[in-house]
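Single-structure report; data block below.
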Amino acid sequence: ATAPLPDGLDELLLAGYLRRDSVPLVKCETNNLQVPANADIVIEGYVDPTEPLRSEGPFGDHTGYYTLPEDYPAFHITAITHRSDAVYPSTIVGQPPMEDFYLGGASVALFLPIFQMNFPEIVDIALPAEGVFHNLVFVSIKKTYPMQA
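In this note's numbering, the protein residues as written are 62 to 210.
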């Protein structure tokens with residue numbers, strides 16, 4: 062749900078690609094949005110743009126440091142629904158490399174073919190541990206013209 066997708070790639074299309082099947086949708090309990098019928102957890106709510114921002118943090122970060130407190134909008138929960146066997150995926154933050162680095166390898170395997178659809182010159186992608194999975198990427202390309210990269 063939080064993966065950065067190439068322009069024009071629909072999230073449900075990606076989910077169907079990963080599942081190798083379409084994603085059935087159902088209406089939310091408290092609004093008219095559609096969500097995956099087999100979602101583990103759905104948190105419904107709203108943000109009131111007229112409310113003042115609220116301070117959040119500090120939080121431990123995957124870089125091994127703390128992020129400073131920042132102001133964010135408040136999210137008001139109107140419903141929480143879940144499967145009886147719901148799983149809440151999370152990662153533990155600490156001195157890298159942590160599990161998010163290893164998940165990065167899986168992300169490359171999943172997204173490389175999609176990136177190559179938009180950019181056929183991409184040969185491979187590497188996310189080194191020094192970049193803490195999301196701050197540094199090496200992209201190998203097949204050059205097709207001078208000054209391409």
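For glycine and all other residues, C-beta sits at the position ideal for the given N, C-alpha and C.
Just curious, the alpha helix (DSSP H) that residue i is in, first and last residue?
{"i": "S168", "result": "E160 to N179"}
{"i": "E72", "result": "E72 to R80"}
Regarding residue i and the ligand NAP, is the C-beta to nearest heavy atom distance less than 6 Å?
{"i": "E112", "result": "As far as ligands go, the structure on display features none, and thus does not contain the ligand NAP."}
Output the distance between the C-alpha atoms of residue i and residue j, rounded to the nearest integer angstrom.
{"i": "H123", "j": "V193", "result": "7 Å"}
{"i": "P157", "j": "H195", "result": "12 Å"}
{"i": "P85", "j": "L66", "result": "21 Å"}
{"i": "V96", "j": "Y206", "result": "44 Å"}
{"i": "N99", "j": "Q177", "result": "29 Å"}
{"i": "P150", "j": "N179", "result": "29 Å"}
{"i": "S145", "j": "A76", "result": "21 Å"}
{"i": "N92", "j": "D109", "result": "15 Å"}
Does the Cβ-Cβ distance between residue i and residue j come in under 7 Å?
{"i": "G165", "j": "L129", "result": "no"}
{"i": "E72", "j": "C89", "result": "no"}
{"i": "A147", "j": "D101", "result": "yes"}
{"i": "Y126", "j": "P119", "result": "no"}
{"i": "G121", "j": "V154", "result": "yes"}
{"i": "Y133", "j": "E112", "result": "no"}
Please work out which residues of its chain come closer than 7 Å, Cβ to Cβ, to residue i, disregarding the five sequence neighbours upstream and downstream, and give them in chain order.
{"i": "V169", "result": "I186 and L188"}
Keeping to the same chain, check which residues put their C-beta closer than 6 Å to that of residue i; ignore five residues upstream and five downstream.
{"i": "V103", "result": "V96 and T142"}
Which residues mark the beginning and the end of the beta strand (DSSP E) in which residue i is found?
{"i": "A190", "result": "Run containing A190: none; DSSP gives neither H nor E here."}
{"i": "A140", "result": "F136 to H143"}
{"i": "V198", "result": "Segment: none, V198 is in no beta strand (DSSP E) and carries neither H nor E."}
{"i": "G38", "result": "Any property of residue 38 remains undetermined from this structure, which presents the chain solely from 62 to 210."}
{"i": "P97", "result": "Q95 to P97"}
Quick one: what's got a C-beta closer than 8 Å to residue i's C-beta in the same chain, skipping five residues either side?
{"i": "E182", "result": "I202, K203, K204, T205 and Q209"}
{"i": "T152", "result": "H123, M159, E160, D161 and L164"}
{"i": "L171", "result": "L79"}
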